[in-house]
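Engineer:
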Amino acid sequence: MFIQVATTLLRSATLLSVLFVAFAVTFHKLLMLPEEACFQEFEEATREHKNRLAYCFLGFEHLNQSADVLGSRAKLGLPIKVYGSIGWALFQTLMMMVGEYDHTQLIVEPYLDGMSATIYIPELTFPFFAAFVFLVPITLMNLLIGLAVGDIDQVRRSATQKLISQRVYWLDSLESRCPMWLYQRINVTQWVKKTAVSLPSRDSHKEEIIQDLCKLTQELHRISQKLDWEIRRSDQVIKQMGISTYEIETDEGTYEKIDVMLAQSRNTRASKTDQIRRYH
């Protein structure tokens with residue numbers, strides 16, 4: 001189970017690494033302090049030279065604004081100094097991914113210390129820090145947890161099959177190590193399972209076949225009797241109507257087609273009756 005969950009997390013490592021490197025480089029550039037030599041050269045420069053540098057470059061502009069408090073740079077906190085190198089920036093970003101933000105010493109105090117060279121672009125630093133908090137620790141970590149839970153559920157469903165396969169492999173290895181004389185004694189080639197209900201012995205299904213044939217004969221006899229009764233009833237109806245022949249006489253004429261249909265119907269009934277009687 002651990003291997004399957006770890007495999008799923010490694011598949012998501014591509015997205016994780018892209019966001020990780022992107023935010024680490026961004027924080028390195030936004031929170032990087034000027035070098036010590038830059039401070040010294042800026043202190044030794046003339047006011048006119050400082051104004052020209054501040055006019056041309058944004059970083060020197062913030063140094064110019066912080067010229068009166070340059071002596072307090074030694075009091076800067078360690079969290080803001082750690083982003084001076086890309087390696088430490090990657091490490092600090094990795095720690096922030098697990099929830100160690102340290103936003104008070106990293107963002108709030110450097111922004112409120114009165115030295116604008118520490119966080120010289122707050123318009124970008126604050127949005128990027130907020131985006132990091134929402135994207136990496138909250139969204140991405142919950143996504144990884146969901147993937148891990150899905151893998152655990154899949155492993156739970158297939159745990160029975162894996163257990164059976166492991167038992168089969170174990171028995172196979174045990175059988176190969178077993179001595180032949182012991183294997184012949186304990187080996188069972190077939191299993192005989194006795195039924196819980198004992199049935200009386202009988203030769204075959206002849207009794208059931210005979211019973212079915214008797215039921216079928218009785219049903220045919222009943223149908224034959226009903227058909228004879230219908231024929232007799234039809235003859236009585238014809239006699240009561242005073243029809244001596246199958247000719248239909250009306251004022252409008254004689255319908256030969258009806259006579260033919262009646263004759264065919266009577267012949268069909270008679271032939272069916274004869275067949276049933278011959279069968280019996």
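Here the UniProt record's numbering is used: the first residue of the sequence shown is 1, the next is one more, and so on. From the three backbone atoms N, C-alpha and C, an ideal C-beta is built for every residue, glycine too.
Within this structure, are the beta carbons of Leu-31 and Leu-144 separated by less than 9 Å?
Structural biologist: no
Engineer: Compute the distance between the beta-carbons of Ile-121 and Val-25, then report whether it is under 9 Å.
Structural biologist: no
Engineer: In whole angstroms, what separates the C-alpha of Pro-179 from that of Ala-6?
Structural biologist: 41 Å
Engineer: In whole angstroms, give me the CA-to-CA distance for Lys-239 and Leu-220.
Structural biologist: Going from the Cα of Lys-239 to the Cα of Leu-220 covers about 29 Å.
Engineer: How should Phe-134 be labelled, buried or exposed, when 16 other C-beta atoms within 10 angstroms of its C-beta is the threshold for buried?
Structural biologist: Phe-134 comes out exposed.
Engineer: Only counting the same chain, and skipping five residues up and downstream in sequence, which positions put a Cβ closer than 7 Å to that of Gln-4?
Structural biologist: Counting only Cβ-Cβ distances below 7 Å, and skipping sequence neighbours, we find Asp-151, Val-155.
Engineer: Leaving aside the five residues before and after Tyr-83 along the sequence, list all residues of the same chain whose C-beta is less than 7 Å from its C-beta, in chain order.
Structural biologist: Phe-27, His-28, Leu-31, Met-32, Ala-89, Gln-92
Engineer: Cα separation between Arg-11 and Leu-174?
Structural biologist: 38 Å
Engineer: Buried or exposed for Ile-119, going by 16 or more other Cβ atoms inside 10 Å?
Structural biologist: The residue in question, Ile-119, is buried, as its Cβ has 16 or more Cβ neighbours within 10 Å.
Engineer: Starting from Ser-176, trace the alpha helix (DSSP H) in both directions and tell me its first and last residue.
Structural biologist: 159-177
Engineer: Taking all protein chains shown into account, do 16 or more other C-beta atoms lie within 10 angstroms of the C-beta of Met-95, making it buried, or fewer, making it exposed?
Structural biologist: exposed
Engineer: So Glu-100 is in the alpha helix (DSSP H); what residue range does that whole segment cover?
Structural biologist: Note, Glu-100: premise wrong, no alpha helix (DSSP H); not H, not E.
Engineer: If you draw a straight line from the C-alpha of Leu-9 to the C-alpha of Tyr-169, how long is it?
Structural biologist: The alpha-carbon of Leu-9 is positioned some 29 Å away from that of Tyr-169.
Engineer: Please state whether DSSP places Gln-190 in a helix, a strand or coil.
Structural biologist: coil
Engineer: What does the alpha-carbon distance come out to for the pair Glu-247 and Trp-229?
Structural biologist: At Glu-247, the pLDDT of 49 sits below 50, so the modelled position is not reliable; the number obtained from the coordinates is stated separately. Rounded to whole angstroms, Glu-247 to Trp-229 spans 24 Å at the Cα level.
Engineer: What distance in whole Å lies between the Cβ atoms of Val-136 and Val-97, which are believed to be in contact at a cut-off of 8 Å?
Structural biologist: The sequence given here places Met at residue 97; Val does not occur at that position. The C-beta distance from Met-97 to Val-136 rounds to 5 Å, short enough to meet the 8 Å contact threshold.
Engineer: Alpha helix (DSSP H) containing Thr-26: first to last residue?
Structural biologist: 13-30
Engineer: Alpha carbon to alpha carbon, how far is His-103 from Arg-157? Give it in angstroms, no decimals.
Structural biologist: 43 Å
Engineer: So what does DSSP say about Val-242, is it helix, strand or coil?
Structural biologist: According to the sequence provided, residue 242 is Gly. The question's Val does not apply to it. It is coil, neither helix nor strand.
Engineer: Using the C-alpha atoms, what's the distance from Lys-194 back to Lys-215?
Structural biologist: Whole-angstrom Cα-Cα distance: 35 Å.
Engineer: Run through DSSP, which three-state label would Ile-138 get?
Structural biologist: helix
Engineer: Classify Tyr-83 as helix, strand or coil using the three-state DSSP reduction.
Structural biologist: The answer is helix: DSSP assigns Tyr-83 an H, G or I state.
Engineer: Based on Cα-Cα distance, which residue from Tyr-101, Trp-181, Met-141 lies nearest to Leu-19?
Structural biologist: Of the residues Tyr-101, Trp-181, Met-141, the one whose Cα lies closest to the Cα of Leu-19 is Met-141.
Engineer: Using the three-state DSSP reduction, which class does Ile-3 fall into: helix, strand or coil?
Structural biologist: helix
Engineer: Which first and last residues belong to the alpha helix (DSSP H) in which Thr-125 is found?
Structural biologist: 122-133
Engineer: Pull up the CB-CB distance for Phe-2 and Phe-132, whole angstroms please, since I reckon it's below 8 Å.
Structural biologist: Going by Cβ atoms, the distance from Phe-2 to Phe-132 rounds to 29 Å, so no, they are not a contact pair.
Engineer: What is the rounded straight-line gap between the Cα of Leu-147 and the Cα of Thr-14?
Structural biologist: 15 Å
Engineer: From what residue to what residue does the alpha helix (DSSP H) around Leu-106 run?
Structural biologist: First-last for Leu-106: undefined, no H or E at that position.
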